[in-house]
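K.L.:
One structure, pasted below without further comment.
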Amino acid sequence: MAVKKTSSKNSLRSLEASGFYSDFEKDGCLYAVLIRSPAPAGKIKNVTVPDLPEGYFAYTSKDLPGIKAITANKTTIKIFGYGNVSYAGEPLGILFGPDEEKVYKLLDTASINFDVENLESALHNVINNQTDEASNFKEFVEQINEMPSLDTVIDKSHVEENPNVIIATREIKYGLYNKLSLAQADSKIFESADFTSTDTWKEKLLTPKWQETEGAFAYTEGEKIHVFVPTRWTSFTQKSVAAALNIEESLVFIHKTKSAGIYPSGLARTTQLAIQIAAASWLSKKPVKLVLSQFEQENFMVPGVLTEITYRTALNKDGRLKALKISIDIDIGCSNPFAQEITDRIAIAAASYYKPENLYIYAKAHTSKNPPTSISMQIIESQAFFAIENEIQKISNLSTIFPDELRLLNAEEAVPEETAKPKRTKKTAAKEEAQITKFPFEIPTGDVQNVIKTALAASDFNRKYASFHMDAIDRAEKDSKPFFALPLRGIGVATAYIPSGYYGQTSFSNDAKLEVTLSAEEKLVIHAIKPSDVIQDIWKTSAAEILQIPKQNIQINSDFSYDEIPEAPEDSYSSISIMNELVRKCCTDIQKKRFHQPLPITAKRGGPANTKTKWDKENFSGSPFYTTSFITTVVEVELDTYTYNEKIKGIWVTVDCGELFDEAAARRTIRLEIQQELTMLVKGKTVPCDAINISFIQSNNRSGQVGGLIHNSLPAAFSSALSLALTTQLTEIPCTEDLLFQLIRDRTKQKNEAKTESKGAAE
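Going by this note's numbering, the first residue of the sequence shown is number 51, and it counts up by one from there.
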């Protein structure tokens, strides 16, 4: 049987990111916009754009040659909306043509009809269709009369069922919560606690305006389709485009472009965009480009998920955390293929590295009528760190125990409180053995004590904190008005980690794989997805040392056959240490063989599977990460009492990222992330900063990543400092001037009410 031959050159796909998709052009390029649903619910009847000029096109799900929806981790994502609308703004079709301005004008004429329309959208469609002033008035009246009756519109049987469906949960119990009922444990713990605190924390992730918005560019070349898109899941994007166009996968060429921004996406939502543009180009046989507007990026491609994390904390007077009771609400929008992993990771991070005597965590992820969300490996835990660090700072203020003492004391495991045991039987004995007696999580955080003490010493934290704290108490007691000449000052500290190599992954395998070949000319090729320039240099340095060859003889090849592209997203395991270890092992294998067998020699290695035994997936306990990098960030703020403008007087950062291969590069990464983060602390402006101080703790621990450490710690340190300056608790980020004003007004109102009650009681 004859087999169709494919040239090796045409079968290869480069996974090296090159340029930005918005920079690519072809002669005759058409510009696209998405036709979006104006309503959050309803059943779509049809979508049309009347009187399309020649050279302009509009397509919907009905026009797709292949599948109408893609499936990622058992989650179905419609390419273009059909049937019931999932959320307001859901893409129902694509409109494109040669004149971008005219495309937007045509978009205003798009008609979206629902089986049962609400009164407002029906009237909107009727009026939009009457664009000609000489339109037949009788026809207009007939259309008005054909609109659904008010009874039909408000009939609840037409309203979609509750969209808030819980799709992922995680419950963690330790100490008394593992032995008693929830109510019994609460009663026993909180009634006898010396200090208690309850608060809800929210960190909303902003989309930076300076980054390239999502989008894609595509063109056809005979039977082939080329798509330029900032994907980090090339295999999935390639398969999905082929299935939607109903063509062979070998005919799909995904050209990976650079991911702009601090929150890289590039997964299912990016794949959906890639298919939409590929379909437009394939059906029209024209090059097509879609660049989402800033509004679309901010509203339909939001980074991360929406979370509300509520803490109920009990503290003994000696500074030991008696209990952390944590409730985590995660809004994933209408869908998220990675909901379980997000839920698990946030649940683990909610206690950070602290080890309270008793712990209860209940996390739930639910759907809503919000746009779909995704996962960004670097920032999964950031909202949990914002919550726990602010809660620790708050309980520190209540107990007057210094923040560093409180953190260091609770970094060590305490002996859980005993409770009266029932009569021991075989059944109860077996149950006791099944219960977790050790603290559920063992986070490999490195030298916590040294990192915290170094940052606090460099910033003179304890002296400033005591001074600002006394000043705040004095102002609160005297009920001083915030509007006076001297600026308000505060200082805050936050600690956090960034993990590498999560062993509890439910979405993908985190088995890193690597192939290294030494040729007869003693040139080394590392076959892997090309990392950053810094990591490339680390790999080359390690290989050159082991094989004793010049660094210039080493290259990294990111070309893969179309049917051998790695199945998992590029950063699904995310570890400098793991990959560098694989490079070292492969080079060591080659070095052992190179003088005993002819060149070329190829060595292949996979991730360290034996370390997975440290994580008990069934009981959700153990050491969940291969390694972590640990950070302490101190922020000193100044608040102008007339303008409510914030200013950061100084930022002090100390990091333990294990073995440090390139300190200068790590320092540049941290400094850049600080500058980026300063644009997202206060909505609509960049907070100025006078000084940035960065230091590293040298260690021989496994090297971890530096990227993401600032995002996990700086917002909490900033809000803690601002809370101290305002003498009232800031519970959400980003903040606004209106929010700051309201917090002070509420504090003054509570103060006045307390005075009135006190006066009334005295009379």
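Just so you know, even glycine gets a beta-carbon here, dropped at the ideal spot from N, CA and C.
Looking only at C-alpha atoms, which of Trp589, Ala653 and Tyr692 sits nearest to Pro537?
P.N.:
For the purposes of this step, residue 537 is taken as residue 487 along the sequence shown, with counting starting at 1. The shortest Cα separation from Pro537 among Trp589, Ala653 and Tyr692 belongs to Tyr692.
K.L.:
Across which residues does DSSP place Cys785 in a beta bridge pair?
P.N.:
Here residue 785 corresponds to residue number 735 of the sequence shown, with the count starting at 1. Val732, per the DSSP bridge assignment.
K.L.:
Which class does Lys580 belong to by DSSP, given the choice of helix, strand or coil?
P.N.:
On the sequence shown, residue 580 is found 530 positions in, with the first residue counted as 1. In this structure, Lys580 counts as coil in the three-state DSSP scheme.
K.L.:
Any idea what DSSP makes of Phe267, helix, strand or coil?
P.N.:
Position 217 of the sequence shown, counting from 1, holds the residue named residue 267. Strand.
K.L.:
Is DSSP giving Asn447 helix, strand or coil here?
P.N.:
Numbered from its first residue, the sequence shown carries residue 447 at position 397. In the structure shown, Asn447 sits in a helix (DSSP, three-state: H, G or I).
K.L.:
Looking at Lys118 and Ile127, is the spacing between their C-beta atoms short of 8 Å?
P.N.:
Position 77 of the sequence shown, counted from the start, is the residue given in the question as residue 127. Position 68 of the sequence shown, counted from the start, is the residue given in the question as residue 118. It is not a contact, given that the beta carbons lie outside the stated cut-off.
K.L.:
Applying the criterion that 16 or more other CB atoms from any shown protein chain within 10 Å of the CB defines a buried residue, is Trp260 buried or exposed?
P.N.:
In the sequence shown, counting from the first residue as 1, residue 260 sits at position 210. Its Cβ having fewer than 16 others within 10 Å, Trp260 is exposed.
K.L.:
Taking C-beta to C-beta, are Pro148 and Leu80 nearer than 8 Å?
P.N.:
Position 98 of the sequence shown holds residue 148. Position 30 of the sequence shown holds residue 80. Taking 8 Å as the Cβ cut-off, Pro148 and Leu80 qualify as a contacting pair.
K.L.:
Can the beta-carbon of Thr307 be found less than 8 Å from the beta-carbon of Ala67?
P.N.:
Residue mapping note: residue 307 aligns to position 257 of the sequence shown, counting from 1. Residue mapping note: residue 67 aligns to position 17 of the sequence shown, counting from 1. Yes, these two residues count as a Cβ contact at 8 Å.
K.L.:
Report all residues from its chain with a CB closer than 6 Å to the CB of Lys252; omit the five preceding and five following residues, and keep chain order.
P.N.:
Position 202 of the sequence shown, counted from the start, is the residue given in the question as residue 252. Answer for Lys252: Glu358 and Glu782, listed in chain order.
K.L.:
Nearest to Leu102 by alpha carbon, out of Ala138, Leu114 and Lys155?
P.N.:
Indexing the sequence shown from 1 puts residue 102 at position 52. Checked all of Ala138, Leu114 and Lys155; the closest Cα to Leu102 is Lys155.
K.L.:
Quick check: the Cα distance between Asn751 and Ala775, rounded to an integer number of angstroms?
P.N.:
Counted from its first residue, the sequence shown places residue 751 at position 701. Counted from its first residue, the sequence shown places residue 775 at position 725. Using only the alpha carbons, I get a separation of about 38 Å.
K.L.:
Let me confirm a value: Ser680 is counted as buried when at least 16 other C-beta atoms fall within 10 Å, else exposed. Which label applies?
P.N.:
Taking the sequence shown and counting its residues from 1, the one referred to as residue 680 is at position 630. Note that residue 680 is Phe in the sequence shown here, rather than Ser. The residue in question, Phe680, is buried, as its Cβ has 16 or more Cβ neighbours within 10 Å.
K.L.:
Classify Ser557 as helix, strand or coil using the three-state DSSP reduction.
P.N.:
By 1-based counting over the sequence shown, the position of residue 557 is 507. Ser557 falls in the coil class under three-state DSSP.
K.L.:
Can the beta-carbon of Val279 be found closer than 8 Å to that of Ala324?
P.N.:
As a position in the sequence shown, residue 279 is number 229, starting the count at 1. As a position in the sequence shown, residue 324 is number 274, starting the count at 1. Yes, the pair counts as a contact, with Cβ atoms nearer than the cut-off.
K.L.:
Got a sec, what are the start and stop residues for the beta strand (DSSP E) Pro549 sits in?
P.N.:
On the sequence shown, position 499 is the one that residue 549 refers to. Taken as a continuous stretch (DSSP letters only), the beta strand (DSSP E) holding Pro549 covers Leu538 to Tyr552.
K.L.:
Determine which residues share a DSSP beta bridge with Glu696 and list them.
P.N.:
Here the question's residue 696 lines up with position 646 in the sequence shown. DSSP lists Leu689 as partners of Glu696.
K.L.:
Can you tell me which of Leu256, Glu696, Ser331 and Lys642 puts its alpha carbon nearest to the alpha carbon of Asp113?
P.N.:
Taking the sequence shown and counting its residues from 1, the one referred to as residue 113 is at position 63. Measuring from the Cα of Asp113, the nearest candidate turns out to be Ser331.
K.L.:
Using the Cα positions of Ala508 and Ile640, report the straight-line distance between them to the nearest angstrom.
P.N.:
Taking the first residue of the sequence shown as 1, we reach residue 508 at position 458. Taking the first residue of the sequence shown as 1, we reach residue 640 at position 590. Ala508 and Ile640: Cα-Cα distance of roughly 46 Å.
K.L.:
Once the 5 residues before and after Phe533 are set aside, which same chain residues still bring their CB inside 8 Å of it?
P.N.:
Residue mapping note: residue 533 aligns to position 483 of the sequence shown, counting from 1. Annotation note: pLDDT 48 at Phe533 (below 50); position unreliable, no value reported.
K.L.:
Put Ser679 into one of helix, strand or coil per three-state DSSP.
P.N.:
One-based indexing of the sequence shown puts residue 679 at position 629. Residue state, collapsed to three classes: strand.
K.L.:
Just to confirm my understanding: we take Leu157, look at its own chain, exclude 5 residues before and 5 after, and list those with CB closer than 7 Å. What are they?
P.N.:
Translated into the one-based positions of the sequence shown, residue 157 becomes position 107. Cβ within range, chain order: Val83, Ile85 and Leu145.
K.L.:
Bridge partners for Thr363 per DSSP, in chain order?
P.N.:
Counting from one through the sequence shown, the residue named residue 363 turns up at place 313. Partner(s): Ser247 and Leu374.
K.L.:
Considering only C-alpha positions, which residue in the set Phe240, Ile396, Ile541 and Ser72 is nearest to Ala266?
P.N.:
What you label residue 266 is simply residue 216 of the sequence shown in a count that begins at 1. Answer by Cα proximity: Ser72.
K.L.:
For the alpha helix (DSSP H) that contains Asn500, what are its first and last residues?
P.N.:
One-based indexing of the sequence shown puts residue 500 at position 450. Its alpha helix (DSSP H) spans residues Val498 to Ser509.
K.L.:
Are the CB atoms of Ala235 and Asn408 nearer to each other than 8 Å?
P.N.:
On the sequence shown, position 185 is the one that residue 235 refers to. On the sequence shown, position 358 is the one that residue 408 refers to. Yes, these two residues count as a Cβ contact at 8 Å.
K.L.:
Identify the continuous alpha helix (DSSP H) that holds Ala293 and give its terminal residues.
P.N.:
On the sequence shown, residue 293 is found 243 positions in, with the first residue counted as 1. Residues Thr284 to Leu295.
K.L.:
Starting from Asp609, follow the beta strand (DSSP E) in both directions and report where the run begins and ends.
P.N.:
Position 559 of the sequence shown, counted from the start, is the residue given in the question as residue 609. That run of the beta strand (DSSP E) goes Asp609 to Ser611.
K.L.:
Is it true that the segment 429-437 meets the segment 393-405, where meeting means three or more beta-carbon pairs spaced less than 8 Å apart?
P.N.:
Yes, they touch.
K.L.:
Could you give the DSSP three-state label for Val440: helix, strand or coil?
P.N.:
Start at 1 with the first residue of the sequence shown, and residue 440 comes out as number 390. Checking the displayed sequence, the identity of residue 440 turns out to be Asn instead of Val. Of the three classes helix, strand and coil, the one that applies to Asn440 here is helix, per DSSP.
K.L.:
Quick check: what's the CA-CA separation for Lys699 versus Phe452?
P.N.:
Translated into the one-based positions of the sequence shown, residue 699 becomes position 649. Translated into the one-based positions of the sequence shown, residue 452 becomes position 402. Cα to Cα, Lys699 sits roughly 21 Å from Phe452.
K.L.:
Would you check if the segment 695-712 and the segment 741-756 touch, i.e. whether three or more CB-CB distances between them fall below 8 Å?
P.N.:
yes
K.L.:
Taking the alpha-carbon positions, what's the Met520 to Ser449 distance?
P.N.:
Your numbering for residue 520 matches position 470 in the sequence shown. Your numbering for residue 449 matches position 399 in the sequence shown. Pairing Met520 with Ser449, the inter-Cα distance amounts to about 14 Å.
K.L.:
Would you mind listing the alpha helix (DSSP H) stretches within the segment 706-762 that are 4+ residues and don't spill past its ends, in chain order?
P.N.:
713-727
K.L.:
Ala294 to Ile120, Cα distance in whole Å?
P.N.:
Translated into positions along the sequence shown, residue 294 becomes position 244. Translated into positions along the sequence shown, residue 120 becomes position 70. So the two alpha carbons sit approximately 8 Å from each other.
K.L.:
Assuming Leu80 is part of the beta strand (DSSP E), what are its boundary residues?
P.N.:
Locating residue 80 in the sequence shown gives position 30, counting from the first residue. Its beta strand (DSSP E) spans residues Leu80 to Arg86.
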